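For the sequence shown, the working numbering gives the first residue as 47, with consecutive numbering after it.
Think of the CB as a built atom: it goes at the ideal place given N, C-alpha and C, for glycine as much as any other residue.
Predicted model only: the values in this text are computed from it and were never measured.
A quick write-up on the structure given underneath.
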Amino acid sequence: MLLVAVLLSGCGGRAPAPTADVLIYCPATLKALAQRVSGRLAAGSDVNVRLAPVRPSHVVSTVMGLRKGDFVVCTEGRISTALTEAGLVKRSYDVGRLELGVVARAETSLAALTADGAALGAGAREGSLGQALSRAIPAALRDPITANLRHRTERSGELVRLVGLGSLDAAFVWNTTDLPPGVAYYSVPELQSAGCPLLLLQLTCSQQPERTLATMHELLARGRQWLVPVSATALPEGATDGE
Numbered sequence: 047m048l049l050v051a052v053l054l055s056g057c058g059g060r061a062p063a064p065t066a067d068v069l070i071y072c073p074a075t076l077k078a079l080a081q082r083v084s085g086r087l088a089a090g091s092d093v094n095v096r097l098a099p100v101r102p103s104h105v106v107s108t109v110m111g112l113r114k115g116d117f118v119v120c121t122e123g124r125i126s127t128a129l130t131e132a133g134l135v136k137r138s139y140d141v142g143r144l145e146l147g148v149v150a151r152a153e154t155s156l157a158a159l160t161a162d163g164a165a166l167g168a169g170a171r172e173g174s175l176g177q178a179l180s181r182a183i184p185a186a187l188r189d190p191i192t193a194n195l196r197h198r199t200e201r202s203g204e205l206v207r208l209v210g211l212g213s214l215d216a217a218f219v220w221n222t223t224d225l226p227p228g229v230a231y232y233s234v235p236e237l238q239s240a241g242c243p244l245l246l247l248q249l250t251c252s253q254q255p256e257r258t259l260a261t262m263h264e265l266l267a268r269g270r271q272w273l274v275p276v277s278a279t280a281l282p283e284g285a286t287d288g289e
């Protein structure tokens with residue numbers, strides 16, 4: 047919240063003048079991926095894009111409370127749904143798709159991860175990463191894999207780190223290539239349909255001049271391929287769904 051306050055300092059008490067500064071919120075756990083999106087937007091226009099990472103649980107309350115800002119980067123899920131239901135979303139842009147797979151020290155399979163004593167990591171039960179896994183695991187393997195889960199977090203970077211340290215044998219994460227020595231990402235056939243859309247939400251509370259929003263809309267309308275690949279996305283460490 048402190049970062050958001052700093053970014054918005056000087057705006058209180060008076061109606062802000064039109065500006066070419068575009069403010070994009072994102073869950074702090076999605077910061078690395080949101081930087082990629084905001085960087086591409088800045089490179090394709092003459093606007094100054096500012097990124098405001100916020101704790102995942104505070105994204106919606108921050109936007110609703112401040113009623114300032116232009117976009118939110120998030121995955122399809124609780125944040126996008128809550129902002130839409132609150133009437134704060136003008137347009138929604140699908141800018142890519144995160145692939146779900148496994149990080150481990152050796153190539154593995156879902157069947158191998160059901161072995162007794164395997165220590166696994168996964169997303170939080172209510173998070174997009176955790177829910178994607180729950181939907182993707184075949185029914186016959188769901189119970190033994192769930193029984194082997196030792197650590198749950200929506201932070202893919204943390205799961206990768208624990209696999210690298212040997213605290214976990216494997217972990218389910220969004221595709222990443224930023225890995226410690228001896229750890230690799232593996233695409234698992236059973237999980238390939240479990241990807242999660244990455245969204246850029248244009249906010250109704252934006253006070254940007256129409257020409258600025260029109261420029262951003264034009265950039266996004268050119269196609270999502272220049273932002274984030276639809277699959278096999280190379281994500282920096284720490285990039286997760288953020289919910």
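Residue ranges of each beta strand (DSSP E) run of no fewer than 3 residues wholly in the stretch 154 to 208, ordered along the chain? 166 to 168, 195 to 198
Residue range of the unbroken alpha helix (DSSP H) whose run includes Gln-81: Stepping through the sequence shown from its first residue, residue 81 is reached at position 35. Residues 77 to 89.
Just confirm the distance between the C-beta atoms of Thr-250 and Val-135, as a whole number of angstroms; I'd bet it's less than 8 Å. Translated into positions along the sequence shown, residue 250 becomes position 204. Translated into positions along the sequence shown, residue 135 becomes position 89. Sure, about 7 Å apart at Cβ, within 8 Å.
Cut-off 7 Å between Cβ atoms - residues of its own chain near Arg-113, not counting five sequence neighbours on either side: Mapped onto the sequence shown, residue 113 falls at position 67. Cβ within range, chain order: Cys-251.
Using only alpha-carbon positions, find the residue among Gln-248, Ala-170, Glu-256, Thr-130 that is nearest to Val-141. To locate residue 141, count along the sequence shown from 1; it is residue 95. Out of Gln-248, Ala-170, Glu-256, Thr-130, Gln-248 has the C-alpha closest to the C-alpha of Val-141.
Rounding to the nearest angstrom, what Cα-Cα distance links Leu-259 and Asp-162 in this structure? Within the sequence shown, residue 259 is the residue found at index 213, counting from 1. Within the sequence shown, residue 162 is the residue found at index 116, counting from 1. The straight-line gap from Cα to Cα measures roughly 54 Å.
Would Thr-130 be called buried (16 or more neighbouring beta carbons within 10 Å of its own) or exposed? The sequence position of residue 130 within the sequence shown is 84, counting from 1. Per the 10 Å Cβ criterion, exposed.
Can you tell me whether DSSP reads Gly-59 as helix, strand or coil? Within the sequence shown, numbered from 1, the residue matching residue 59 stands at position 13. For Gly-59, the pLDDT reaches just 45, beneath the cut-off of 50, and the residue's location in the model is therefore unreliable, although a value from the coordinates is still provided. The answer is coil: DSSP assigns Gly-59 none of H, G, I, E or B.
For Ser-233 and Val-119, I'd like the C-alpha separation in whole angstroms. Here residue 233 is taken as the residue at index 187 of the sequence shown, counted from 1. Here residue 119 is taken as the residue at index 73 of the sequence shown, counted from 1. Approximately 25 Å between the Cα atoms of the pair.
Using 10 angstroms around the beta-carbon of Ala-267, count the other beta-carbons present and answer buried if the total reaches 16, otherwise exposed. Taking the sequence shown and counting its residues from 1, one reaches residue 267 at position 221. The residue in question, Ala-267, is exposed, as its Cβ has fewer than 16 Cβ neighbours within 10 Å.
Between the alpha carbons of Ser-138 and Leu-245, how many angstroms are there, rounded? Position 92 of the sequence shown, counted from the first residue, corresponds to residue 138. Position 199 of the sequence shown, counted from the first residue, corresponds to residue 245. Answer to the nearest angstrom: the Cα atoms are 7 Å apart.
Measuring straight from C-alpha to C-alpha, what distance separates Thr-261 and Arg-96? Taking the sequence shown and counting its residues from 1, one reaches residue 261 at position 215. Taking the sequence shown and counting its residues from 1, one reaches residue 96 at position 50. Going from the Cα of Thr-261 to the Cα of Arg-96 covers about 16 Å.
Run through DSSP, which three-state label would Leu-48 get? In the sequence shown, residue 48 corresponds to position 2, counting from 1. Below a pLDDT of 50, predicted positions are generally treated as unreliable, and Leu-48, at 41, falls in that range; the measurement from the model is reported next regardless. In the structure shown, Leu-48 sits in a helix (DSSP, three-state: H, G or I).
Got a sec, what are the start and stop residues for the alpha helix (DSSP H) Arg-137 sits in? Here residue 137 refers to the residue found at position 91 of the sequence shown. Element bounds for Arg-137: not the alpha helix (DSSP H) but the beta strand (DSSP E), 135 to 144.
How many whole angstroms separate the CB atoms of Gly-167 and Arg-196, which I take to be in contact at a CB cut-off of 8 Å? Along the sequence shown, one-based indexing puts residue 167 at 121. Along the sequence shown, one-based indexing puts residue 196 at 150. Going by Cβ atoms, the distance from Gly-167 to Arg-196 rounds to 7 Å, so yes, they are a contact pair.
What are the boundary residues of the alpha helix (DSSP H) that Thr-261 is part of? Numbered from 1 along the sequence shown, position 215 holds the residue referred to as residue 261. Where Thr-261 is concerned, the enclosing alpha helix (DSSP H) stretches over 256 to 267.
Can you tell which of Leu-211, Gly-241, Ile-191 has its C-alpha closest to the C-alpha of Asn-221? Here residue 221 corresponds to residue number 175 of the sequence shown, with the count starting at 1. Nearest C-alpha to Asn-221: Gly-241.
Helix, strand or coil: how does DSSP classify Ala-240 here? Here residue 240 refers to the residue found at position 194 of the sequence shown. Ala-240 falls in the coil class under three-state DSSP.
Helix, strand or coil, according to DSSP, for Ala-128 in the structure here? For the purposes of this step, residue 128 is identified with residue 82 of the sequence shown, where counting begins at 1. Three-state result, Ala-128: helix.
Return the chain-ordered list of same chain residues with a C-beta closer than 8 Å to the C-beta of Val-93, the five sequence neighbours on each side being excluded. Indexing the sequence shown from 1 puts residue 93 at position 47. Ala-66, Asp-67, Val-68, Leu-87, Thr-258, Thr-261, Met-262, listed in sequence order.
Going by DSSP, what residues sit across from Asn-221 in a beta bridge? Counting from one through the sequence shown, the residue named residue 221 turns up at place 175. The partner list for Asn-221 (beta bridge, DSSP) is empty, contrary to what the question assumes.
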